[in-house]
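**Q** If you're matching positions, the sequence shown starts at 77 in my numbering and goes up one per residue.
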Amino acid sequence: MSIRLTGESAMTAFAAACAPVLKQGGLVFLEGTLGAGKTTFSRGLIQALGHQGAVKSPTYTLVEDYPLDGCHVCHFDLYRLGDPEELEFMGIRDYLDQNALCLIEWADKGHGILPAADLVLSIDDLGDSRELHWQSATALGQQWCEQLDQISKSFEEVA
């Protein structure tokens, strides 16, 4: 399924609508070109889950940790990762084993170390808008996809 969104506010609003579904924890890969909206989606989701401050791209830190009331979010940006083995040194398995929602931008840089994502969210930059596509690789991801399909239908009706 997919949804077309125009403007940053539409992206953050859709991410916020997805928050109740994703808050239980799991692994989400965010795919798209530079500037497609991966961090914008993450910001909308993390703020909807209760984070009050800024949500910055973890491009240089690789991970930003958000222990929130009722859930825990780890936001990764692997764009600058030199070798997938670096994930082992930073303790990636500890992050993945804590029942957190792990949002991973540029997950392809962690190939061979990262497990399969529950959900892959691809964002296509269409210039004046973005098209989001989602697919599952696990049973949890399939449940999420079904719920996101419903959210996207109701979201399009309101938008």
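C-beta atoms are modelled at their ideal positions from N, C-alpha and C, and glycine is treated no differently. Please read these numbers as outputs of a predicted model, since none were measured by experiment.
Looking at the C-beta of C221, does it have a partner C-beta in chain B at a distance below 8 angstroms?
**A** The structure shown has no chain B; it contains just one protein chain.
**Q** Is it right to say R156 is buried, meaning 16 or more other beta carbons lie within 10 angstroms of its own, or is it exposed?
**A** Counting Cβ neighbours within 10 Å, R156 comes out exposed, since fewer than 16 surround it.
**Q** Expressed to the nearest angstrom, what Euclidean distance is found between the alpha-carbon atoms of L195 and L144?
**A** The straight-line gap from Cα to Cα measures roughly 21 angstroms.
**Q** Who are the Cβ neighbours of I189 in its own chain at under 6 angstroms, not counting the five residues just before and after it?
**A** P160 and L163.
**Q** According to DSSP, is L202 helix, strand or coil?
**A** DSSP places L202 in coil when its eight states are reduced to three.
**Q** What distance in whole Å lies between the Cβ atoms of S230 and L179, which are believed to be in contact at a cut-off of 8 angstroms?
**A** 23 angstroms between Cβ atoms; not a contact.
**Q** Within the segment 142–203, note down every full alpha helix (DSSP H) run reaching 4 residues or more, in order along the chain.
**A** Within the segment 142–203, the complete alpha helix (DSSP H) runs of at least 4 residues are 162–165 and 168–172.
**Q** Just to confirm, is the Cβ distance from R206 to L110 under 8 angstroms?
**A** Not a contact, by the Cβ cut-off of 8 angstroms.
**Q** Determine which residues share a DSSP beta bridge with Q211 and list them.
**A** According to DSSP, Q211 bridges with V196.
**Q** Should the segment 169–185 be called in touch with the segment 86–103, which here means at least 3 C-beta pairs below 8 angstroms?
**A** Contact between the segment 169–185 and the segment 86–103 is present, because at least three Cβ pairs lie under 8 angstroms.
**Q** Looking only at DSSP bridge pairs, what is E107 linked to?
**A** DSSP output for E107 lists S198 as bridge partner(s).
**Q** Taking its Cβ as the centre, do 16 or more other Cβ atoms sit within 10 Å of F90, making it buried, or is it exposed?
**A** By the neighbour-count rule (16 or more Cβ atoms within 10 Å), F90 is buried.
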